[in-house]
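Trainee:
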Amino acid sequence: MIEGLEARLRARVLQESAAVAIDEWTEFLNRLDVPFFNYRGTHVTEVVRIAKYLARETGADYDVVVMAAWFHDVAKPGTEGTGRPHGPECAAVARTYLLKEGVNPEVVERVCDAIEKHVGYTRDAPLTPLEAQVVWESDKLAKLGITSMLFHLINGLRYEPNPNLDDILERMRKGLPGLRKIEASMFTEPGRRIAKARMRSYESFIALLENELKMEQ
Ligand SMILES: [Fe+2]
Ligand SMILES: [Fe+2]
187 MIEGLEARLR ARVLQESAAV AIDEWTEFLN RLDVPFFNYR GTHVTEVVRI AKYLARETGA
247 DYDVVVMAAW FHDVAKPGTE GTGRPHGPEC AAVARTYLLK EGVNPEVVER VCDAIEKHVG
307 YTRDAPLTPL EAQVVWESDK LAKLGITSML FHLINGLRYE PNPNLDDILE RMRKGLPGLR
367 KIEASMFTEP GRRIAKARMR SYESFIALLE NELKMEQ
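Laid out in structure tokens, this is it:
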């Protein structure tokens, strides 16, 4: 091939398609009347799904766990401020709301305790009581596996837009050490089991994509 031709072809294709992609996405976003993606709503829904399962499997108080799971991030509705110590803030909102709903004040305090303790990404020892550990694990399990991969992929487009498939693969690889630390922080039997399975899914997905990009199918 003529020297430098392929690089020029690539530049031309990427430049032209980028200009059209900007127009198409702008037009699409301008006429959207729903969120492009409701990360917090989707995350919390997943945490509740996992929490219900863990409560049944571990014998933790189902109602306490479910109420705590729904409200664990209530004072953090967006994607900003991740890592902010929002536990007490969320517990305060939950307390007011649940007492108004007529929930027994003792139960409300157990819910608030679990909410307050749900923050942080790693643990060396299990939380007490069991309900707090179950809510903590549910929140963290929602950050593992294909579930987490989809969340990161979609949210990641806001922070680092315009990735190609090599970039996406690289981002997934970069996430692995943090995810392994989360896996090592599970203390209930079902939590460990789910974490292990989700890590396997995540690693398999990386390996499959890697093979496709290397043309090794
Ligand atoms: Fe949180
Ligand atoms: Fe959360």
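Take 187 as the starting number for the sequence shown in my numbering and just add one per residue.
The C-beta atom is built at its ideal place from N, Cα and C for all residues, glycine as well.
1. For F373, which of V321, T265, E356, Y283 has the nearest alpha-carbon?
2. State the DSSP-derived secondary structure class of A345, mapped to helix, strand or coil.
3. Leaving aside the five residues before and after V252 along the sequence, list all residues of the same chain whose C-beta is less than 8 Å from its C-beta, in chain order.
4. Could you check what DSSP says for G227 in three-state terms: helix, strand or coil?
5. How long is the line joining the alpha carbons of E346 and L195, rounded to whole angstroms?
6. When you compare the CB positions of M358 and I392, do they come within less than 7 Å of one another, or not?
7. For a test of the three-state rule: what should DSSP assign to G306, helix, strand or coil?
8. In chain order, what residues have a CB nearer than 6 Å to some heavy atom of ligand 2?
9. Assuming the contact rule is C-beta atoms closer than 8 Å, P376 and T244 should be a hit. Round their C-beta distance to whole Å, please.
10. Grab me the residues of L355's own chain with a C-beta within less than 8 Å of its C-beta, minus the 5 sequence neighbours each way, in chain order.
Mentor: Taking the coordinates as given:
1. V321
2. The sequence shown places Tyr at residue 345, not Ala. It is helical.
3. V234, A237, K238, A241
4. helix
5. Their backbone Cα atoms lie some 25 Å apart in a straight line.
6. yes
7. G306 falls in the coil class under three-state DSSP.
8. H229, V233, H258, D259, D325
9. 6 Å
10. I392, L395, E396, L399
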